[in-house]
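Okay, so here's the structure we're looking at.
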Ligand SMILES: *Cc1c(COP(=O)(O)O)cnc(C)c1O
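Laid out in structure tokens, this is it:
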């Protein structure tokens with residue numbers, strides 16, 4: 189079954205070798221899939237999901253996209269960019285308090301013309317519902333995009349991305365990437381089955397315990413298959429997640445991310461973000477140092493984006509050296 193899709197992303201995203209990083213780590217062959225280069229407003233993995241989510245919103249005659257996330261949410265910024273380009277209004281329900289100055293993703297949310305509603309963490313769901321209801325009552329025809337864009341339809345995008353990878357004739361032993369709301373991983377797991385991918389898909393959790401991901405990702409992958417008119421069932425055992433690198437929790441920046449960001453930048457000129465790809469790359473580097481991968485393995489680091497969040501950081505010599 190074909191699921192409606194609006195083309196937005198620059199695809200296929202490049203696959204590149206990272207020979208300097210491999211040499212520096214004395215480790216396996218490392219490759220990178222550049223989903224930080226999906227294009228619109230500095231790109232990232234949510235652009236792929238939004239191709240399907242926008243099509244669903246348009247099919248519902250939506251006039252306003254509503255979604256939610258942290259102040260430095262990449263998902264919110266990419267949703268705001270898609271809304272701007274496709275003549276829709278955008279309301280972002282951001283968790284926290286309005287900062288005195290805007291930077292990083294939040295600066296871009298403003299430039300992209302999104303309306304912002306601030307709410308407390310524990311009131312987020314109620315706040316989102318109230319925002320939706322009042323937009324509906326005002327005749328703004330809102331369409332709600334779930335946290336991280338991780339609806340079954342959103343997950344279909346990463347099943348498609350696995351087909352794209354197969355088409356690039358890239359057959360890594362491992363795919364390593366940051367996992368959070370689980371839509372990216374669910375799509376990959378489904379796509380792996382559809383393409384008979386022989387490698388393993390390892391999500392590095394950025395915030396939650398690994399046990400949360402098994403059922404979440406397996407269910408989402410099954411629902412995504414269902415949307416495609418296919419009957420596939422998945423078990424929590426099909427979902428591989430490492431939660432050793434959560435550290436202080438979501439977005440708490442530490443030496444793990446800092447070292448990974450510096451290493452990728454200084455050896456390959458590739459920029460990682462402090463919340464997602466910095467953490468996942470930090471985990472991958474630690475796994476390499478601990479001999480987790482075989483020396484003959486090819487490890488593909490799937491760069492999911494997040495670039496603008498770098499600019500919410502400050503360079504401080506004591507921290508960065
Ligand atoms: C949202 C996001 C992720 C996590 O993707 P999920 O589908 O929510 O698991 C990873 N990396 C970046 C840069 C993101 O913005």
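In my numbering, the protein residues as written are 189 to 509. Where is the CB? At the ideal position from N, CA and C, for every residue including glycine. Everything numeric in this text was worked out from a predicted model, so none of it was measured.
- Residue burial is scored here from C-beta neighbours: residue 440 has fewer than 16 other C-beta atoms within 10 angstroms and is therefore classed as exposed.
- Secondary structure of residue 221 (DSSP, three-state): strand.
- Two segments are said to touch when three or more pairs of C-beta atoms, one from each, lie closer than 8 Å; by this definition the segment 474-493 touches the segment 345-362.
- Going by beta carbons, residue 370 and residue 347 fall outside the 7 Å limit.
- Shown here, residue 288 sits in coil according to DSSP, grouped into three states, outside any helix or strand.
- Rounded to whole angstroms, the Cβ separation of residue 210 and residue 202 is 17 Å, and the two are not in contact under 8 Å.
- Remark: C-beta atoms of residue 234 and residue 263 approach each other more closely than 7 Å.
- Residue burial is scored here from C-beta neighbours: residue 266 has at least 16 other C-beta atoms within 10 angstroms and is therefore classed as buried.
- The continuous stretches of beta strand (DSSP E) do not include residue 492, and DSSP gives it neither H nor E.
- Within its own chain, the residues whose Cβ lies closer than 7 Å to the Cβ of residue 205, once the five positions on either side in sequence are excluded, are 219, listed in chain order.
- Take the alpha-carbon of residue 317 and the one of residue 282: they are about 13 Å apart.
- Counting along the chain, residue 350 sits inside the alpha helix (DSSP H) bounded by residues 340-355.
- Listed in chain order, the alpha helix (DSSP H) runs fully inside the segment 428-487 are 443-456, 465-477, counting runs of at least 4 residues.
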